Every structure is written in structure tokens, then in C-alpha cells.
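Worksheet for the structure shown next.
Structural data, given as C-alpha cells:
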């Protein structure tokens, strides 16, 4: 179960990038906020009412929806443990895990984390946020997602969940979103990597039936379908063919543990996890392709196996369809297997037929599917 890169992870674990946000999200150095007309630090950027009297106005007067506060993390961990988020949600949840996967992110905005309170008891939360802009140097608020809605068993659980989702939508719209999504994705892995969904964010998994129902009731439709794919590594050997042998003779594969992050967004979303990158070079040190994996903690520790999550595989545009991606991944899997890796997981959109074909050739099988929901416009 022990991988060499687990040790790297321990040596390179960095402190949290940001403590619990007291008043909203602040842009980091060189970061810009697309789609905002006002200062994101101002109250006008928030989407919720942060006073204690923001309760139900329809007569019940019991369930209050408010913004995140600094004393909420232990209560949110309790909600997570009690809520039915499905088998792909990390359990048991702890405050430290939420700090690492949510609150420490430099773009965390307390106005986007809505909390439901019943007579002083936190009974649910919904969390909304944004993905990167086109050059991945900041946040683009024109497209927003509600990542999760979690509610404890409660007589009004559906009503609470529906109100939390509505509050998340209000926050996103006030921040400038014109596209509203349900669930995260490889493009928008802003929060919860390693806490929900597996190797990446898969929208909302079919196995999370309660959460699927929240978005269905609100009228969301399917924006994309995402396959959760796994491949056991026991006894794995790279396939042998004339093409693969030619690639082996003419290229060099290099392994980099804790590589430099290539842009602000990659740094923001992968700081604190153990990242390994395989790079394939051709003649004259020309980079032909790369594959990035991460040690799937803390989920893998619950599974009792050493698991690698494949986040990205890229091949230079002019060299695609030449077997380079197949070779790169096969050699990567073999290397991980030699170090004790038990399985690899990756996600692929149903629209990405080349990726699905590649993973099928490498022996991956679907273990679940997710839906990236989208609210219809108009």
C-alpha cells in the first residue's frame, strides 16, 4: 500500500493557503475576477443575508439560511457525516479535511457557503463557486456551480435542500453567473477534490441518489455525462507492439514528483496533494506529452488500497493518434504498480470518444457515472 510518492506527500505537505475567510474572498497576487462589476471584497458581492434573522418568511419561521461563519466547520463536518451523499463521499468527514479541501482555497468566499439552521442546530449546507478564467490566472464568475447540497435526516429535508440550492443560485447570479451548473467537473474542480467523487469531480454521481433528486426537482437538465473508470494494476504489463516498441526506442520517459504547478489554477486546486507527472520527450528535448496523477487521499485510505488518480493526459497536437498517449499511460501504470499502486481511477466525458476508446484499450471499466447538471436558460 505504500507508494514512494506518499513519502513525498508527507515531506511536501504545505500549510493551508488561507485560514477561514472572515469576510469574503480576496484575489491573490496577479489574480483577476472576470464578470464582476464590484469589488469582490465588498458586501455587494455576496449572495446571502448574513444576519441571524434571515429565516423562513412563509410562516414556518424555523429554518434559517445564512452565510458560513468561522465557528461552522465542526458542524458542517457533522452534517456531512449524517447526510446521504452516497458511497463516493469521504467518510467519516473531519474538520481538518474540510479545511484542506474547501476553506483553505484562496478563492473561498463565505457568501457562497450557505448554512441551514433549525432552532440553533446546523442541519444542512449548500456550496456554490466558480472555475478559472481562460488563461487560468483567476476566477471567472460568469459560469458558476453548486457543488454540493448536504442535509441531515430531517422531516423537512427536501424543503431544506431546495432552499439551500435556491440560495446558492441567488449567490451565483449576484456574482454575475449566467450559466448555472450542478456539480463540479475536471474544468471546475474548485473544491472537494478527494472528498467527493473519486479521482476528480464527476458532476453528481448516480450513486448519490438524494443529491441527484435535489437538482432534478429544481428543473436542472443533463449538461454532460461523466464515466468513473478504474483499472486494477496487479500484474499490469505494458502491451507489446511494433508501434509501442518504436516509441520506446525514440523517446524518453521522465518522472517528476511534486512538479512545479504550471499555472495559478493548477496551484490553487492541487496544493496539498501529492502530485506526480510523467513527461515523454522526443528528439532535441521536445516534450511530446504528459500525464498527471495524484495520490487519492483521503479516499484511498478508506478503500484500504494505494490508488492513483489520473487528472490529465495530454499529447502534442501534431502527434496525436500515433500511440503516444497509450504508451505514456501504460508505462506510467507499470511504474505505479512497481511502487505498490493497486488501482488507477480517471474520469471521462461521454462526449470525449477518443479518451473513452483509449481507456477501454487499457482495460478500464466503468464503476459509476455522474451528471454535470445545467439549469436551462430563460
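In the numbering used here, the protein residues as written are 24 to 401.
For glycine and all other residues, C-beta sits at the position ideal for the given N, C-alpha and C.
All figures in this text were calculated on a predicted structure; none of them were measured in a lab.
Let's test the definition: count the other Cβ atoms within 10 Å of the Cβ of residue i and tell me whether it reaches 16, buried, or not, exposed.
{"i": "residue 244", "result": "exposed"}
{"i": "residue 388", "result": "exposed"}
{"i": "residue 173", "result": "buried"}
{"i": "residue 154", "result": "buried"}
{"i": "residue 391", "result": "buried"}
{"i": "residue 60", "result": "Reliability fails at residue 60, whose pLDDT of 39 lies under 50, so the model's placement of it is uncertain and the value that follows must be treated cautiously. With fewer than 16 Cβ atoms within 10 Å of its Cβ, residue 60 is classed as exposed."}
{"i": "residue 178", "result": "exposed"}
{"i": "residue 67", "result": "Residue placement at residue 67 is flagged as unreliable, the pLDDT there being 39, under the threshold of 50; a coordinate-derived value is accordingly withheld."}
{"i": "residue 124", "result": "buried"}
{"i": "residue 312", "result": "buried"}
{"i": "residue 372", "result": "buried"}
{"i": "residue 380", "result": "exposed"}
{"i": "residue 335", "result": "exposed"}
{"i": "residue 96", "result": "buried"}
{"i": "residue 156", "result": "buried"}
{"i": "residue 395", "result": "buried"}
{"i": "residue 384", "result": "exposed"}
{"i": "residue 251", "result": "buried"}
{"i": "residue 158", "result": "exposed"}
{"i": "residue 114", "result": "exposed"}
{"i": "residue 33", "result": "Confidence at residue 33 is low in this model, with a pLDDT of 38, below 50, so the placement of that residue should be treated as unreliable; the coordinate-derived value is given next. The residue in question, residue 33, is exposed, as its Cβ has fewer than 16 Cβ neighbours within 10 Å."}
{"i": "residue 147", "result": "buried"}
{"i": "residue 406", "result": "Nothing about residue 406 can be reported from this structure: the residues present for the chain run from 24 to 401 only."}
{"i": "residue 393", "result": "buried"}
{"i": "residue 235", "result": "buried"}
{"i": "residue 273", "result": "exposed"}
{"i": "residue 317", "result": "buried"}
{"i": "residue 376", "result": "exposed"}
{"i": "residue 81", "result": "Note that residue 81 scores 46 on pLDDT, short of 50, meaning its location in the model is unreliable and no value can be drawn from it."}
What are the partner residues of residue i, as DSSP defines its beta bridges?
{"i": "residue 219", "result": "112"}
{"i": "residue 169", "result": "151 and 205"}
{"i": "residue 133", "result": "Note: residue 133 sits in no beta bridge, so no partner."}
{"i": "residue 303", "result": "276 and 312"}
{"i": "residue 396", "result": "205 and 245"}
{"i": "residue 388", "result": "253"}
{"i": "residue 226", "result": "207"}
{"i": "residue 145", "result": "140"}
{"i": "residue 432", "result": "Outside the modelled stretch of the chain, which goes from 24 to 401, sits residue 432, for which no answer is possible."}
For the beta strand (DSSP E) containing residue i, name the first residue and the last one.
{"i": "residue 278", "result": "275–280"}
{"i": "residue 370", "result": "366–372"}
{"i": "residue 251", "result": "244–255"}
Return the Cβ separation of residue i and residue j in integer angstroms, given the expectation that the two are a contact with Cβ distance under 8 Å.
{"i": "residue 118", "j": "residue 100", "result": "5 Å"}
{"i": "residue 142", "j": "residue 102", "result": "No, residue 142 and residue 102 are not in contact; Cβ-Cβ is about 15 Å, not under 8 Å."}
{"i": "residue 346", "j": "residue 266", "result": "5 Å"}
{"i": "residue 170", "j": "residue 215", "result": "6 Å"}
{"i": "residue 160", "j": "residue 287", "result": "5 Å"}
{"i": "residue 98", "j": "residue 145", "result": "4 Å"}
{"i": "residue 386", "j": "residue 319", "result": "About 19 Å; that fails the 8 Å criterion."}
{"i": "residue 368", "j": "residue 253", "result": "5 Å"}
{"i": "residue 167", "j": "residue 212", "result": "With a Cβ gap of about 14 Å, residue 167 and residue 212 do not count as contacting."}
{"i": "residue 365", "j": "residue 256", "result": "6 Å"}
On the DSSP letters alone, give me the boundaries of the alpha helix (DSSP H) that residue i sits inside.
{"i": "residue 238", "result": "232–240"}
{"i": "residue 188", "result": "180–197"}
{"i": "residue 106", "result": "Element bounds for residue 106: n/a, residue is neither H nor E."}
{"i": "residue 336", "result": "Where residue 336 is concerned, there is no enclosing alpha helix (DSSP H), although the beta strand (DSSP E) it sits in stretches over 330–338."}
{"i": "residue 177", "result": "First-last for residue 177: undefined, no H or E at that position."}
{"i": "residue 214", "result": "Per DSSP, residue 214 belongs to no alpha helix (DSSP H) and is neither H nor E."}
{"i": "residue 358", "result": "347–361"}
{"i": "residue 121", "result": "118–121"}
{"i": "residue 200", "result": "No alpha helix (DSSP H) contains residue 200, which DSSP labels as neither H nor E."}
{"i": "residue 322", "result": "322–326"}
{"i": "residue 294", "result": "Looking at the DSSP string, residue 294 is not in any alpha helix (DSSP H), and its letter there is neither H nor E."}
Next on the checklist: For the stretch 343–363 against the stretch 232–243, do three or more pairs of beta-carbon atoms, one drawn from each stretch, fall closer than 8 Å, so that the two count as touching?
Outcome noted: With fewer than three CB-CB distances shorter than 8 Å, the stretch 343–363 does not count as touching the stretch 232–243.
Checklist entry - So, do the stretch 249–269 and the stretch 283–297 have three or more beta carbon pairs nearer to each other than 8 Å? => result Output reads no: the stretch 283–297 does not touch the stretch 249–269.
Checklist entry - Between the stretch 219–230 and the stretch 128–142, do three or more beta carbon pairs fall short of 8 Å? => result With the cut-off at 8 Å, the stretch 219–230 and the stretch 128–142 do not touch.
Checklist entry - Do the stretch 177–195 and the stretch 208–227 meet, that is, are 3 or more Cβ pairs less than 8 Å apart? => result No, the stretch 177–195 does not touch the stretch 208–227.
Item to check | Segment contact, 8 Å Cβ cut-off, at least three pairs: the stretch 273–288 with the stretch 330–344 | outcome: Touching, no, given that fewer than three Cβ pairs across the two stretches are closer than 8 Å.
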